[in-house]
Each structure stands twice: as C-alpha cells, then as structure tokens.
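Enquirer: Each residue of the sequence shown is one higher than the last, beginning at 159 in my numbering.
Heads up, the beta-carbon is just placed ideally off N, CA and C, and yes, glycines get one too.
In this text the structure is predicted, and so the values were computed from the model without any measurement.
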Amino acid sequence: MISVQLLIAINYQFLIICDKSLVGIQTVINAYTYHFDAEIKESADVLTTSLKKYGTAITKQNYQGETGTVNSILDEWKRESAFVNAINKLALTDWVVELGTANTQVNTDYLDRAKEDAESPEIKIVDLQANNALVANMDPFSVSEEIKSNVSGVKGIFTYFTVDSLQIK
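#1: Starting from glutamine 151 and walking both ways along the alpha helix (DSSP H), at which residues does that stretch end?
#2: Between leucine 248 and alanine 202, which are expected to be in contact by the criterion C-beta below 8 Å, what is the C-beta distance as a whole number of angstroms?
#3: Ends of the alpha helix (DSSP H) at leucine 250?
#4: Who are the near neighbours of leucine 165 in its chain, counting only those whose CB is closer than 8 Å to its CB and skipping five residues on each side?
#5: Could you tell me whether the Cβ atoms of valine 264 and tyrosine 212 are closer together than 9 Å?
#6: Using 10 angstroms around the beta-carbon of threonine 207, count the other beta-carbons present and answer buried if the total reaches 16, otherwise exposed.
#7: For valine 177, does the count of other Cβ atoms within 10 angstroms reach 16, so buried, or fall short, so exposed?
#8: Do you know how far the Cα of leucine 205 is from the Cα of phenylalanine 241?
#9: So aspartate 203 is in the alpha helix (DSSP H); what residue range does that whole segment cover?
#10: Looking at the structure shown, is glycine 213 part of a helix, part of a strand, or coil, going by DSSP?
#11: Distance check for threonine 217 and glutamate 224, CA to CA, integer angstroms please.
#12: Roughly how far, in whole angstroms, is the beta-carbon of leucine 232 from the beta-carbon of leucine 257, given that I think they are within contact range, below 8 Å?
#13: Do you know how far the Cα of isoleucine 175 is from the Cα of isoleucine 187?
What follows is the structure, given as structure tokens:
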C-alpha cells in the first residue's frame with residue numbers, strides 16, 4: 159500500500175507538471191495571437207476563445223476543480239476538428255499530451271489517496287466521533303449538563319419567589 163506521504167509527493171510532482179504544461183500552452187497560444195502569419199494567428203485565436211470559457215485561474219483551483227477543468231478542455235480539443243487543426247498548426251501536440259498525462263496522474267493519485275483515507279480505521283473513528291458529537295448537538299431533545307444545571311437553578315429561583323411566598327397584600 160502506498161503511504162500518504164508518498165502520494166502527496168507524487169501528487170505534488172504531477173500537479174506542478176500539469177500546471178507548467180497548462181501555463182506553457184497558454185503562453186505559447188498567447189504569443190501566437192501576435193504572429194504575422196494570418197493562419198497561425200487564427201489558430202491561436204481559436205484556442206484562446208476555447209480557453210477563455212474556463213477562466214484565467216485554472217491552476218489556482220483545488221485538485222478536483224483543476225483536474226475537471228483540464229479534462230473538459232482536453233475533451234473539447236480532441237472532439238472538435240477546429241481545435242485539433244489549431245493544435246497541429248501551432249505544434250502544441252507534445253504540450254497537450256504532457257498536460258493530459260500529468261492531469262490523469264494527478265487525478266489517479268488524488269483518488270488513490272482519498273480511497274486510502276476512506277479505508278483507514280483511524281480516520282473512520284475520528285469521523286464517527288465527530289459525527290456523533292454533531293448529531294448530539296443537533297438533536298432538539300439533547301441537553302448538555304451545563305444547560306440542565308442552569309435550568310434547574312432557574313426553577314429553584316422561581317419556586318422560591320412565587321406570588322404566595324411574597325405575601326402580597
């Protein structure tokens with residue numbers, strides 16, 4: 159079984175590769191939007207339009223968010239011939255393959271780590287204890303000892319100061 163520390167190291171390594179690949183692709187595409195050749199500029203514009211749909215902070219998302227966004231981009235680029243042609247025209251195939259490989263590895267490592275955490279009895283016990291404490295506090299009929307003590311004290315005060323004991327005339 160892979161240790162959590164190793165998974166974090168692997169995950170981090172591939173996350174950096176994924177981030178660098180994505181930033182590299184974005185940078186190359188942006189540079190080509192200024193190209194003197196109209197066909198190359200048009201290809202860059204096609205890919206820029208595609209990327210804009212996904213926002214500018216893809217690498218700032220959490221693991222799942224970034225992985226999902228990158229998968230969506232790559233799926234779109236594989237599915238539509240205009241994107242395939244633009245990637246080929248700009249010679250970005252190696253970049254796109256590297257991005258896909260790193261992104262798949264990040265996702266695999268993340269899911270393996272989540273599965274390992276879910277199977278860990280120590281984590282299950284802590285989760286169960288936290289859940290029981292939460293449920294106990296959410297139960298409308300659940301009353302802490304401190305509240306019981308305070309209510310008991312208030313009842314005692316009311317019993318002592320009743321209308322009969324004040325002897326109002």
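Expert: Let me spell this out:
#1: In this structure the chain extends from 159 to 327, so residue 151 is not present and cannot be described.
#2: Within the sequence shown, numbered from 1, the residue matching residue 248 stands at position 90. Within the sequence shown, numbered from 1, the residue matching residue 202 stands at position 44. The Cβ separation is near 6 Å, so the contact holds.
#3: Indexing the sequence shown from 1 puts residue 250 at position 92. That residue, leucine 250, is in no alpha helix (DSSP H); it is neither H nor E in DSSP.
#4: Residue 165 sits at position 7 when you count from the first residue of the sequence shown. With a pLDDT of 48 at leucine 165, under the threshold of 50, the modelled position of this residue cannot be trusted, and the question is left open.
#5: Stepping through the sequence shown from its first residue, residue 264 is reached at position 106. Stepping through the sequence shown from its first residue, residue 212 is reached at position 54. Cβ distance not < 9 Å, so valine 264 and tyrosine 212 don't count as in contact.
#6: Start at 1 with the first residue of the sequence shown, and residue 207 comes out as number 49. Classification of threonine 207: exposed, given that the 10 Å Cβ count is below 16.
#7: Looking up residue 177 in the sequence shown gives position 19. The identity of residue 177 in the sequence shown is aspartate, whereas the question assumes valine. It is buried - the Cβ of aspartate 177 has at least 16 other Cβ atoms within 10 Å.
#8: If you number the sequence shown from 1, residue 241 lands on position 83. If you number the sequence shown from 1, residue 205 lands on position 47. Between phenylalanine 241 and leucine 205, the C-alpha separation is close to 7 Å.
#9: Taking the first residue of the sequence shown as 1, we reach residue 203 at position 45. 196-210 is the span of the alpha helix (DSSP H), which, as asked, contains aspartate 203.
#10: As a working mapping, residue 213 is identified with position 55 in the sequence shown. Glycine 213 falls in the coil class under three-state DSSP.
#11: Locating residue 224 in the sequence shown gives position 66, where the first residue counts as 1. Locating residue 217 in the sequence shown gives position 59, where the first residue counts as 1. Their Cα atoms are separated by approximately 6 Å.
#12: By 1-based counting over the sequence shown, the position of residue 232 is 74. By 1-based counting over the sequence shown, the position of residue 257 is 99. Indeed, because the Cβ distance is near 7 Å, the residues count as touching under 8 Å.
#13: As a first step, residue 187 must be located in the sequence shown, where it is residue number 29. As a first step, residue 175 must be located in the sequence shown, where it is residue number 17. Their Cα atoms are separated by approximately 18 Å.
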